[in-house]
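A quick write-up on the structure given underneath.
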Amino acid sequence: MPVIREAALSAFFQLLFDKLVDTALNFVTDHKQVSKQLKEWESKLPDILAVLNDAEHKQIKDELVKKWLADLQDLAYDAGDILDEFAYEALRLKLQQKTQAQASRSKKRKFSATSFTFCNEMIPKIKEINSRLDGLENRRSILGLTKTSEGASSTRMKTRLQPTSVMDETVAYVGRDDEKREILELLKSNNGPEDGVSVISIVGFGGMGKTTLAQLVYNDASIQHSFDHKAWVCVSDDFDAMKITKSILKFITPSEACDDNDFGLLQVRIKEKLSGKKFLLVLDDIWDMSYNEWTILRSPFGVGTKIIVTTRFQSVSSNMVTVKAFHLDKLSHVHCLSIFTQHALGARDFNGHLEFKDVGDNIVKRCGGLPLAAKVIGGLLRTTRDWGAWEKIYESEIWEFPEDRCGIVPALRLSYCHLPPHLKQCFAYCSILPKDYEFEEEEIILLWRAEGLLQQKAGSQCGDFGSRCFRDLVSRSFFQMSNKGKSLFVMHDLINDLAQFVAGKICSNFEGNKQREISCRTRHLSYVQSPYDGVKKFEAFYQVEHLRTLLPFRLQPQFPFSYLTDDALHKLLPRLSCLRVLSFKGYVITEFPDIFENLKHLRYLDFSGTQIKCLPDSLFTLYHLETLKLKWCDKLEKLPLEIENLVNLHYLDIRGARLIKRMPSGIGKLTNLERLSDFVLGGGDGHLIKEVENLSNLRGEFCLSGLENVVKGQDALEAKLREKSEIDKLELKWSGDFGNNIRNKEVEEEVLNFLCPHKRKLEELSIENFGGAKFSVWIADSSFVNMLSLKLINCKNCKSLPSIGKLPRLKILYIRAMDEVKKIGVEFFGENQPNAFASLEDLCFEDMLNWKNWDSCECDDQVSKFPKLRQLSILRCPQLLGRLPNCLHSLQRLVIRECQQLVVSISSLPSLCELEIHGCEELMHSNCVDVTSLKRVSLSGISKYGIPPERIVSTLTKLELFSVAGCKELAPLSQNGLGFLGHLSSLREIEISDCPQLVSLETEEVNEEKLQLEKISSIESLTIKDCERLNRLPKALHSLTFLAEIQIRKCPSLVSFAKNNLPPALKRLLIWECDNLQYLVDERENKSTSNECLLERLEIRGCKSLICLSSRSDFLIRLGDLRIDSCQKLTSLFFDAALPVTLKLLQIDSCPKLECIAQEFHQTTCLESILILGCISIKSLPRGLDKLSHLHQIHISCCPNLVSLEESGSAAANIRIFSVERCENFGALPSCMKNLTSLQEIRIGSCSADISFPAEGSLPTSHT
């Protein structure tokens, strides 16, 4: 049993006492026997409280005191359950009487017959608690526990809750400057291993600052533009390549789903996305990993990839073959002192606080050079300026305790020991969070509240108090910001260990296959979801019937959703009548059993992401329920009228529940609501907007939709939105249907006028589908001093924009589909506004179909406009004339799409880094203006160039990406090929498309061509599309030594890809729809041996004339992925009838003349998957299938001439999936099928009716 495990029992018992006096005793005054029993509690609890401080100290060395505290905590939970039942009965009676009063004028009775019955049923439970209290009191006397006048807080430091600032943002990082500088230099360097993947490891014990160092490097401003993509993945002690790969994909393609569980295909996607890109990956906190696992994980990464690994173990670093390993030792005393003073005093040293210098210096010495220890102890002492309190920390006997097996260092124990009681409870509860789990502040606060851990004085809201508690734990370094953003937090591994240590058996978590012991004392339990969770998984939970928390977590996107069997619901939930927190988030559940009447204690219920269509009736008897999450319940059709019974509800989230078309009448009775995501007004229900008036506690995000149904502006006024001072994000939505003139412009204008929000906290405002002719003046009121984001979307009848330029702190402005706006001028900036759009950083106009003129009022020299604008996007504004505003000195990214009449000048954009123009009237540039900052240029559909484009390109010395499409005037490309880019030594990517005059990318002279290509040898990616006359690629293509990716699409004149040699570093080659391509490598003219090529993936599709890839396969020394699709004339892959020995995936589809893949499978081949589809001439697979030791999948479909598989022994034993479908002549499965011991799935469909299966017993028992 852990030391300091009681998690602030004093706070717990104080809460019990308050509930007893305020609720239970008051409720049972008419029931003398119950009242008498409960009054015994009232007399005994203060005695218990009085000895807790002494017990807290003695339990460190006395096992019997520890046991006494554990039994006392059990009693506290059980007594709390009893008092909660009294509170529930009081609520039930109150609601019942209210209903009766509405139906009758009869006098209310304070105590009903059912209440007497209830009290009689409670008597045995109360007596049992009294008996246990007596036993504990007797043991207290024997143990010699003494009372103190101030209870458990007598020797605790006086603390105060800290303001809600995150200290880590301002604390300087010290002690690892040299390491940071050297790592940054390695990341910027182009030198590295042969394969271009550089690995840097940071090795050290827990708490040494490995993750912090990696974070500082990852976020350093000097490398932000050095990488196209970055990803940060927490690995921990469960090295799961699939999980890590999906996490990486989520960073690279955040808007794309990652539902595929085919590891090979996932790696292919990564390879495709990163091809030709620079990529920084951090793998944080790896505990164990074999060389083979590492080799597999890193295989998709190519040239330009830098990987930082943090680990406690040298063996992990050694397996990775790093360019350098940084070993972090303990910090010097000076550096530890600096960390400590920053966290304790907010200063670099003791100069301003000399009275603490000596004691502080001694405390830091006890931290033993551990940065985390100095940080946490400093965070503890920042709450006090009492020298005596500092002295007590230094003299604490906890420093002398040895570290436990779980690695709890004394400094962390000590910091927890001196937390205030309420923070002890909150922190210990967080032991249910899995390691490396990233959480939001609101998520944790809702859980704390549900468990009754946020008790505060009357008049203040739990949310405010919870936020202060959370931020206090952040300031003390118990929580730290995640690297993924300021809204996400995480616990350091050692802090997580501490939480589990102090919580003891009260909290348990099931993480992966590792299960902590579930004790009968356990009250809070979490587990990690699996794809399928059935009865067996939950059997271990049956013994903990007093469980208060049952919470699933999904750590990584391993699967899009989970299944939970009906049996699990029916068997488990009725046993857990004490639950406060229950979640079914992410489970595929369509209907819930109506068993919630048994869960009367429930405070927190999460149905997010389920597929329920209606809420169970019994749910509306949960009178204690505070949080109800229905986010993304896209099958849920309505909220019932009975929701008004949930009188304690303070959080209701229905975001994404798109079938809910109206709020139920009476929603305004839920006056405790603090967070209501959406208030939906249905047809004929517009008057219900008045119910918003009663929701005076609303805060955070709030969306009002269906506003077209409000027929009286006065109803909107009665919503009193102006009085909701805590709303910081507001969305106002009308219907997007503007047809048949059904909208009343005047009413909608009046409604918008009356929905003016409170101005103090509003940060984000969105107005969508507004049907009025003019906006309300309040939108541009400069007194909205905290407004950061404004979106005006699809307001089709508005003819002008509000004076948005007056908003002093606005950073993001998005305006879309304002069909009646034809001119934007002075009204947009604001009359007499000297500093218009003073803070704006991102401005976007989209789908402004009738916008013709943008008057930027540049004649007024007294007015400064857009001084901080960094990104400007103008998309699909076909009638916009003239030019962009001048003097956008801070603009870094300019995107113009489908603005055919717009003139774009880049002469006045000195900071421009990225230029993307797809469709405009003219591109202008002055030679006398420096635009060397440009790194990425993408041009297409430009009608006219003010100066020759090659002169523009000639000034772009830092250019990294050049993309051109549909630019018929780009003559130098047609005449000189890639040579006119020869001066661009930084160029990494070239994209050329829709250039019909382009015949070649080379000059006539071979030597000159080679010289020109050598000048752009840094190119890593080349893409050519829709160039119908292109008939050859440069002969000197192999001189591009960094070229890793080539894509060629729809170039029908191209006959062969290369005359002899492929580029030496080429890893990925895609050729699509090149109708006349006959060979990949044409060696007919030059018979010299081809050089070895590093090509890893080859994909050819829709090349109707392709005959063969090459005469030989052995020059493809690394080819792992070969895919060929719809090549009608393909007769063989390689003339030598062999396959590359490194091949892992072979996929051939719709190649009707292909008769043979190869003569036989080479013994050393690495093939894992074979997929053959629509190859009507294939009769059998090559010999040697039994030699493919890595093969796990065979899928053959639509091969009507396939008769059987060649047998040359036993089939590959590792095959997991065997599938043959729509092969009409396939007659027999191999007799050696019994040897496929790993087989999980066999699919045989639409084959010969006479197909023969192996004799009984010849199939493995593992198949499905």
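Numbering follows full-length UniProt numbering, with no gaps: position 1045 of the sequence shown is 1045.
For every residue, glycine included, the Cβ atom is placed at its ideal position computed from N, Cα and C.
Within a Cβ cutoff of 6 Å, which residues of the same chain sit near residue i, ignoring the five residues on either side of it in sequence?
i     : result
P300  : Q267, I270 and K271
D567  : V535
D1149 : D1125, L1173 and G1174
I1100 : I1071 and I1124
L1037 : P1063
L765  : L730 and L790
R132  : L75
Beta-carbon separation of residue i and residue j under 7 Å?
i            : j     : result
L1094        : K1067 : yes
V203         : H333  : no
G346         : R476  : no
residue 1309 : L959  : Residue 1309 lies beyond the stretch modelled for the chain, which goes from 1 to 1264, so this question has no answer here.
C1175        : L1154 : yes
A802         : I779  : Rather than Ala, the amino acid found at residue 802 in this sequence is Pro. In contact: P802 and I779 (Cβ atoms closer than 7 Å).
N769         : G739  : no
F310         : A214  : Sequence check: residue 310 is Thr here, not Phe. Cβ atoms of T310 and A214: closer than 7 Å.
K733         : D715  : no
Just how far apart, CA to CA, sit residue i and residue j?
i     : j     : result
T610  : G586  : 6 Å
D497  : A90   : 41 Å
L572  : K94   : 31 Å
S1000 : I1024 : 11 Å
I589  : R382  : 48 Å
E150  : N697  : Residue confidence is low: E150 scores 48 on pLDDT, short of 50, so the model does not pin down where it sits. No coordinate-derived value is stated.
V937  : G276  : 16 Å
L840  : H889  : 13 Å
C1198 : Q997  : 41 Å
S905  : V321  : 49 Å
A719  : R554  : 39 Å
L161  : F439  : Note that L161 has pLDDT 38, beneath the 50 cutoff, so the model's placement of it is unreliable and the number below is only indicative. If I take the Cα positions, the gap works out to 21 Å.
F13   : I377  : 28 Å
G1245 : I767  : 55 Å
I595  : A70   : 32 Å
L453  : G1120 : 56 Å
Near residue i, what residues of its chain come up, given a Cβ to Cβ distance below 7 Å and the 5 sequence neighbours on each side ignored?
i            : result
E1160        : P1182, R1183 and G1184
residue 1273 : Here the chain covers residues 1 to 1264 and nothing more, so residue 1273 does not appear.
V34          : V28, C119, M122, I123 and I126
G196         : G302, V303, G304 and T305
Check whether the Cβ of residue i lies closer than 6 Å to any heavy atom of the ligand MN, and answer yes or no.
i     : result
I1124 : In the structure on display, the ligand MN does not appear, and there are no ligands present to speak of.
Assuming residue i contacts residue j (C-beta within less than 8 Å), just tell me the rounded distance between them.
i     : j     : result
G668  : V692  : 7 Å
G706  : V680  : 5 Å
S201  : A325  : 4 Å
L45   : L136  : About 11 Å separates the two Cβ atoms, so there is no contact after all.
A657  : L676  : Not really, about 13 Å apart at Cβ, beyond 8 Å.
N1076 : S1105 : 5 Å
K505  : S519  : 4 Å
L1054 : I1048 : 7 Å
Taking DSSP's pairing of strands, which residues face residue i in a bridge?
i     : result
G1245 : E1221
L1098 : L1069 and L1122
K691  : The residue you asked about is not Lys; residue 691 is Glu in the sequence shown. According to DSSP, which records beta bridges pairwise, E691 is partnered with nothing at all.
W232  : V282
Q97   : Paired residue(s): none; Q97 is not in a bridge.
L550  : L525 and L582
Please go through the same chain and pick out, in chain order, the residues whose beta-carbon is closer than 8 Å to the beta-carbon of residue i, but skip the five residues on each side of it.
i     : result
K761  : S725, E726, I727, D728 and N786
C1156 : S1132, A1137, I1178 and P1182
G175  : G209, L331, S332, H335, C336, S338, I339 and P371
G771  : E708, W734, F738, R743, N744, K745, E748, C795, K796 and N797
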